[in-house]
Each structure stands twice: as C-alpha cells, then as structure tokens.
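Terminal number for the sequence shown in my numbering: 617, no gaps in between.
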Amino acid sequence: MEAAPFASSYSASSLSSRAVTAGSLSPTSSLLFRRNNIRNSNCKFKSPRNLSVRASGDSVVTLLDYGAGNVRSVRNAIRHLGFDIKDVQTPEDILKANRLIFPGVGAFAAAMDVLNKNGMAEALCTYIEKDLPFLGVCLGLQLLFESSEENGPVNGLGLIPGVVGRFDSSNDFRVPHIGWNALQIKEDSEILDDIGNRHVYFVHSYRATPSDANKEWVSSTCNYGVDFIASVRRGNVHAVQFHPEKSGDVGLSVLRRFLYTKSATTKGPTEGKASKLAKRVIACLDVRANDKGDLVVTKGDQYDVREHTKENEVRNLGKPVELAGQYYKDGADEVSFLNITGFRDFPLGDLPMLQVLRFTSENVFVPLTVGGGIRDFTDANGRHYTSLEVASEYFRSGADKISIGSDAVYAAEEYLRTGVKTGKSSLEQISRIYGNQAVVVSIDPRRVYLKNPNDVEFKAVRLTNPGPNGEDYAWYQCTVNGGREGRPIGAFELAKAVEELGAGEILLNCIDCDGQGKGFDIDLVKLISDAVSIPVIASSGAGAVKHFSDVFTETNASAALAAGIFHRKEVSIQSVKEHLFKEGIEVRI
Ligand code: 1PR
Numbered sequence: 029m030e031a032a033p034f035a036s037s038y039s040a041s042s043l044s045s046r047a048v049t050a051g052s053l054s055p056t057s058s059l060l061f062r063r064n065n066i067r068n069s070n071c072k073f074k075s076p077r078n079l080s081v082r083a084s085g086d087s088v089v090t091l092l093d094y095g096a097g098n099v100r101s102v103r104n105a106i107r108h109l110g111f112d113i114k115d116v117q118t119p120e121d122i123l124k125a126n127r128l129i130f131p132g133v134g135a136f137a138a139a140m141d142v143l144n145k146n147g148m149a150e151a152l153c154t155y156i157e158k159d160l161p162f163l164g165v166c167l168g169l170q171l172l173f174e175s176s177e178e179n180g181p182v183n184g185l186g187l188i189p190g191v192v193g194r195f196d197s198s199n200d201f202r203v204p205h206i207g208w209n210a211l212q213i214k215e216d217s218e219i220l221d222d223i224g225n226r227h228v229y230f231v232h233s234y235r236a237t238p239s240d241a242n243k244e245w246v247s248s249t250c251n252y253g254v255d256f257i258a259s260v261r262r263g264n265v266h267a268v269q270f271h272p273e274k275s276g277d278v279g280l281s282v283l284r285r286f287l288y289t290k291s292a293t294t295k296g297p298t299e300g301k302a303s304k305l306a307k308r309v310i311a312c313l314d315v316r317a318n319d320k321g322d323l324v325v326t327k328g329d330q331y332d333v334r335e336h337t338k339e340n341e342v343r344n345l346g347k348p349v350e351l352a353g354q355y356y357k358d359g360a361d362e363v364s365f366l367n368i369t370g371f372r373d374f375p376l377g378d379l380p381m382l383q384v385l386r387f388t389s390e391n392v393f394v395p396l397t398v399g400g401g402i403r404d405f406t407d408a409n410g411r412h413y414t415s416l417e418v419a420s421e422y423f424r425s426g427a428d429k430i431s432i433g434s435d436a437v438y439a440a441e442e443y444l445r446t447g448v449k450t451g452k453s454s455l456e457q458i459s460r461i462y463g464n465q466a467v468v469v470s471i472d473p474r475r476v477y478l479k480n481p482n483d484v485e486f487k488a489v490r491l492t493n494p495g496p497n498g499e500d501y502a503w504y505q506c507t508v509n510g511g512r513e514g515r516p517i518g519a520f521e522l523a524k525a526v527e528e529l530g531a532g533e534i535l536l537n538c539i540d541c542d543g544q545g546k547g548f549d550i551d552l553v554k555l556i557s558d559a560v561s562i563p564v565i566a567s568s569g570a571g572a573v574k575h576f577s578d579v580f581t582e583t584n585a586s587a588a589l590a591a592g593i594f595h596r597k598e599v600s601i602q603s604v605k606e607h608l609f610k611e612g613i614e615v616r617i
C-alpha cells in the first residue's frame with residue numbers, strides 16, 4: 029500500500045469538506061494578512077529569472093502528500109526521472125527541503141483544513157517566501173491563491189491575489205474541464221520551455237483567472253470558455269494547473285526541467301499544433317481471469333467474451349500491463365481498465381488487478397481509469413468494505429479515475445424513485461471525497477426497438493437505421509452485471525440522474541455495437557451527449573478510423589474509446605489521430 033504520510037490523521041471521513049469560511053479566524057487568516065503585507069511591502073520575488081538556483085547533485089525531492097488521492101503517479105514520474113522521494117511528515121520537513129513538490133488533490137477546503145491542522149500551511153508559506161524551489165500541481169496551484177469558491181468561500185494560503193472560482197457550464201463548455209488543452213505561454217517560465225504548441229492534460233472544475241493584481245505571477249494561460257491561469261512562476265516558485273505527471277513526454281519534460289539544474293537541460297522541440305481542447309482517443313482493456321486463473325485482456329462480441337469453440341475458453345488478447353504500456357507509446361490519451369468480473373468477485377481480493385494498476389502506473393504517464401466491482405462488499409470472513417474503501421484502494425494503486433457501472437444504476441433508480449439524494453451511494457461518496465472529476469459512470473445500455481416512442485415511459489429516439497422489424501424508434505435500456513440483467517431505467521434518465529448525483533464523466537457503451545466494428549451508435553451518443561453537461565466518452569463499435577471522425581462530427585462526445593481494433597492491431601491509435609487531424613478535428617499528436 030502506498031505510504032500516505034498523514035494517513036493516521038487524515039481518513040476519508042475527515043476529508044468531508046469542512047469549509048473554513050473567509051471570515052473565520054483560522055491560522056490561514058493571519059497568513060493571508062501576512063502575505064498581503066509582504067506583497068504590499070514588495071520585499072519578495074523581485075527578479076524571478078536571476079533567482080534560478082536549483083540545487084544540483086541532490087537526488088532527493090521532498091513530496092507533500094496529505095493522502096487524498098492518487099499521488100502515486102507523481103511519485104512514479106519523479107522516480108522515473110531518477111530522483112528519490114522524501115515524504116513530508118512534519119512542518120520542519122518542508123522547511124528543510126531542497127526542492128518541494130506539492131501535488132494537491134481532493135477538495136480545496138479539505139486540503140486547507142489538513143494543512144492548517146498540521147502546521148503545514150505556515151511552513152509552506154515560509155518556504156515559498158524564501159524562494160526555494162517549489163512546484164505546486166493542480167490544487168497545489170489553487171491553494172496559493174487568496175481563497176476558493178469550492179464549498180466556500182474558503183481561505184487559501186494567500187500568496188497570490190485572486191479567488192479560485194468554478195467554470196461556468198452554461199456556455200456549452202462541459203465541466204469538469206477534462207482533457208488535453210493548449211497553453212498560451214506568457215513568459216519564459218523555464219519549466220514550460222519544451223511544451224511549445226503541444227497539449228497538456230487538465231482535469232478540474234475550478235480555476236483561477238488572470239488579473240492586473242496577479243499578472244506578475246502568471247506564466248501561462250489556457251482557454252476553456254474563459255482564459256484561466258494554467259501556470260504561475262516567480263523565481264524558483266512554480267505551480268501548474270495541468271498535470272505534468274499525466275501529460276506524457278511533454279509533462280515529464282516539465283518535471284525534468286524543474287528537477288534538474290538549468291545546465292542539465294537544453295531547450296527541446298516545440299513542434300505541435302495544439303490550439304484548444306483536443307478530442308481524446310482512449311484505449312480500453314477489459315480484464316478478467318481466464319480459466320487457468322491468469323489475468324488477461326479479453327474482448328467480447330456484444331459482451332460475450334468466450335471463444336465459440338468446443339473449449340469455450342475466455343478470449344485472450346494479451347497481457348494487461350504490456351498492452352497498456354504499448355498503447356501509451358502509441359499515443360493513447362488515456363487508458364481504461366475494466367475488471368469485467370468485478371460484479372461477481374471482490375476487487376480487493378483480486379490482488380492481481382491492483383498489481384496491474386501499480387505496474388502500469390510506473391511507466392504510463394497518461395490518465396488511468398479503472399472500473400468493475402466498485403460497491404459495498406462483505407468478504408468471506410464477514411468483514412465489510414465500503415465502496416469508498418474499494419475506490420480508495422484503486423486510487424492508491426495508481427488509478428486517476430474510477431468507473432462505476434451497476435452500483436450507479438441502482439443509485440440512479442433510487443434517486444429517481446424518491447427524489448432524494450441520500451449522499452450514501454458509492455457515486456455520491458466517492459465524488460464528495462475525491463471530486464467528481466475522479467468518478468466516471470459506465471453505462472451498459474441495450475437497444476429496445478419500438479414502433480411508437482410513446483409505448484414506454486423512457487426517452488426514445490428516432491433511429492437512423494430502422495430496427496430488425498422496421499421499427500423506427502428505440503429506447504436504451506440500462507443493464508447491470510455485465511449486461512446480464514436489464515433494469516427499469518433508460519440511458520437518458522440514468523445519465524441525467526448520475527450527473528446530479530456527482531458523476532464527472534460518462535463512459536457510454538452500447539451492447540448492440542460492442543465488438544461489431546460497424547461504428548459507434550451515433551443516435552445514442554447524440555442523445556446522451558446532448559442531455560448532460562459533463563464529458564461523454566463514446567464507446568463500442570469502432571471498426572475504422574472514419575468511425576472516430578463520424579462520432580466527433582455528429583455528436584458532442586468529448587472522447588472516443590475502442591478496444592478490439594487496437595488489440596487485434598487492425599487500426600493503430602496513431603492512424604486514428606492522423607485521420608482526425610486531417611479532418612480538422614483537434615487531437616493530441
Ligand atoms: O458493474 O461496476 O462492476 O462494472 C463492470 C464494468 O465492466 C462496466 O464498466 C461494464 O461496462 C464492464 N463489463 C462487464 N462485462 C463486460 C463484458 O464485456 N462482458 N465490458 C464488460 C464492457 C465494453 C467496453 C468495450 C467497448 C469497446 N466492455 O468497455 O471495451 O465496447 O469495444 P469495441 O471497441 O471492441 O467495440 P460494475
């Protein structure tokens with residue numbers, strides 16, 4: 029299990045957002061006051077570029093991990109670059125650090141709460157004031173600002189003027205902002221020197237905006253409906269809103285530039301065509317134990333993963349860690365693992381699956397999603413595990429997002445029946461603790477053909493291609509347990525309900541199209557991507573590069589996922605990207 033230095037004082041339940049209001053007398057209030065005075069007296073950070081004095085020869089990086097999410101990827105990236113990690117245990121560890129990385133994860137209020145309680149907030153401010161090498165990531169950038177509206181207002185460290193606010197989803201921009209976006213680099217920030225016109229990976233719902241008051245800090249911005257701050261820099265103090273540890277080679281170069289002395293790095297290539305949020309191409313690995321007990325990547329036809337031979341064995345398309353590594357090298361924007369027997373087996377008993385995640389995250393520096401079996405469970409010894417514990421174990425093992433299937437269907441049914449959000453479903457609990465950007469709901473719908481759309485209480489669509497008996501309509505019935513059981517809820521109703529319950533993204537499969545290679549179900553993807561304002565990943569049915577451009581031009585999908593064509597090497601990820609690029613669709617090259 030990953031060491032979480034503050035784990036003893038920082039349990040999942042203590043993370044439930046206890047807002048420190050702007051008016052309350054928290055330790056941060058006095059810091060904010062101090063920082064304001066410091067800013068007014070203008071005694072720090074005067075000439076950033078002259079202050080680049082990173083320690084050389086020292087291979088230790090101090091990491092501030094307060095145990096709220098997947099910091100494993102940052103650890104892996106640091107180790108990959110040849111550095112050892114020293115975890116912060118006490119505020120003194122911060123003050124003694126030669127270089128400090130602060131990969132903030134979770135919610136703003138909960139993070140400030142922990143930092144204040146442990147005396148870390150004060151130590152962080154002192155460290156930063158001394159202009160010692162610092163890199164904040166994501167929430168690690170936001171916490172430097174005066175306050176955040178996330179469950180707030182909540183005071184931050186108060187080093188940078190400005191309030192962190194939520195993206196506005198009313199202007200057609202989906203929130204969370206998830207994916208690979210372009211930067212407008214304002215000044216030579218050193219650590220951004222290799223990025224040029226290439227995409228970096230963002231995942232967040234809150235952002236800080238540039239203003240006259242903070243313009244001396246802003247080193248790059250990004251546009252997502254509005255211009256927001258993508259990075260700040262003053263002297264040796266850096267912070268980035270994007271995730272370098274999840275931005276592939278480009279991201280690793282940001283970390284490398286921070287970690288190594290100036291002389292050890294030379295300006296790298298900056299070719300690229302990034303101009304806005306890219307459509308994502310995702311490789312999916314359905315994983316299960318075969319009849320010999322080995323964990324294999326398998327692939328079904330309409331969810332049937334067994335060979336149609338006398339032996340009837342589980343189809344074996346390769347080894348999960350190897351294939352994931354290959355897809356990373358081939359340019360996949362994300363990799364998803366679905367533990368497809370998770371509904372039956374207890375995932376925490378399924379140690380090989382956790383090992384797959386651990387090993388994969390050592391070498392794959394793009395986002396990893398894992399799904400299957402995320403629900404409450406009582407094991408053979410009578411020990412009860414909450415879905416939150418199951419998810420936490422996945423996060424600790426290297427997942428950036430978890431995906432919930434069956435349990436989200438039950439939660440949505442209950443919510444639609446009672447109209448009450450209990451806060452107790454796995455979906456609600458995990459998104460409250462880890463943020464909704466970390467929670468994907470995987471929908472497994474099956475078409476039910478209709479002559480008349482009014483024959484059912486669920487949303488039906490007029491089909492582009494009529495059904496087998498000439499039916500002009502269909503509704504999409506949600507299923508659970510890997511497609512084995514149909515439920516009294518449609519994909520449209522489910523998608524809207526889970527968005528309200530806290531899902532950050534929807535993985536939209538289609539049992540009819542799965543493994544058929546005839547293209548995505550455009551009618552379904554259009555229905556769902558128009559119904560919600562969170563990102564939708566179109567899945568099932570890709571058979572040719574054109575199917576990807578079709579789904580992106582005809583629907584509002586943010587990403588497209590495929591499995592079989594990649595596993596069987598019929599179509600490469602690179603050829604999909606090249607095709608999309610030629611068609612004028614923004615992709616990460
Ligand atoms: O219900 O929370 O335990 O989650 C179970 C998860 O496992 C769900 O996300 C469900 O979609 C998935 N799952 C369960 N059984 C199967 C199966 O195939 N027998 N796989 C299964 C779902 C569908 C996609 C597939 C795309 C693309 N597989 O993930 O990768 O359809 O395939 P294609 O490009 O080859 O057409 P829970």
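Glycine residues also receive a C-beta, built at the ideal position from the N, C-alpha and C atoms.
As the structure is a computational prediction, the values presented were derived from the model and not from experiment.
Where residue i falls: helix, strand or coil (DSSP)
i      : result
CYS166 : strand
VAL384 : helix
VAL573 : helix
GLY643 : In the structure as shown, the chain starts at 29 and stops at 617, and residue 643 therefore has no counterpart that could be examined.
VAL394 : coil
HIS607 : helix
ALA139 : helix
CYS618 : Within the shown structure, residues of the chain are numbered from 29 to 617, placing residue 618 beyond reach of any answer.
HIS336 : coil
ILE601 : helix
PRO272 : helix
TYR331 : coil
VAL437 : helix
ASN318 : coil
ASN242 : coil
Buried or exposed (CB count within 10 angstroms, at least 16 for buried), residue i
i      : result
ASN497 : exposed
GLY132 : buried
LYS158 : exposed
ASN199 : exposed
PRO494 : exposed
SER389 : buried
ALA408 : exposed
VAL20  : Because residue 20 is not part of the residues shown, which for the chain are 29 to 617, the question remains open.
LYS554 : buried
HIS412 : exposed
ASN367 : buried
LYS452 : exposed
CYS71  : In this prediction, CYS71 has a pLDDT of 30, which is less than 50 and means its spatial position is unreliable; what the coordinates show is noted afterwards. Burial call: exposed.
ARG63  : Note that ARG63 scores a pLDDT of 44, beneath 50, so its modelled location is shaky; the value from the coordinates is reported in the next line. ARG63 should be labelled buried.
LYS605 : buried
THR583 : buried
VAL335 : Strictly speaking, residue 335 in this sequence is Glu, with Val absent from that position. That one is exposed.
Proximal residues to residue i (C-beta, below 7 Å), its chain only, five neighbours per side dropped
i      : result
LEU522 : VAL437, ALA440, ILE471, CYS506
HIS227 : TRP208, ASN209, ALA210, ALA302, ALA306, ARG616
VAL560 : ALA523, LYS524, GLU527, ILE534
GLY543 : LYS327, GLY328, ASP329, GLN330, GLY592
Boundaries of the beta strand (DSSP E) in which residue i is found, first to last residue
i      : result
GLN505 : 501–508
TYR229 : 228–232
CYS250 : 246–252
PRO516 : 513–518
ARG103 : ARG103 -> not in any beta strand (DSSP E); alpha helix (DSSP H) instead, spanning 100–108.
GLU174 : 173–176
First through last residue of the alpha helix (DSSP H) which encompasses residue i
i      : result
LEU351 : 348–358
ASP551 : 550–559
THR90  : Taken as a continuous stretch (DSSP letters only), THR90 belongs to no alpha helix (DSSP H), being part of the beta strand (DSSP E) at 88–91.
ALA149 : 148–157
PHE201 : Counting along the chain, PHE201 falls outside any alpha helix (DSSP H), and DSSP gives it neither H nor E.
ALA566 : Not the alpha helix (DSSP H): ALA566 falls in the beta strand (DSSP E), residues 564–567.
Cβ neighbours of residue i in the same chain (closer than 8 Å, five flanking residues each side left out)
i      : result
THR249 : LEU211, GLN212, LYS214, PRO238, ASP255, PHE256, ILE257, ALA258
LEU385 : PHE365, LEU396, VAL398, TYR422, SER425, GLY426, ALA427
Sequence-distant residues of its chain with Cβ nearer than 6 Å to residue i (five each side left out)
i      : result
LYS429 : THR397, ALA466, VAL468
VAL102 : PRO131, GLU273
ILE188 : LEU172, PHE173, ASN242, TRP245
PHE580 : LYS307, ILE613
Check: residue i C-beta below 7 Å from any heavy atom of the ligand HEM
i      : result
ASP404 : Absent from the structure shown: the ligand HEM. Ligands present: the ligand 1PR.
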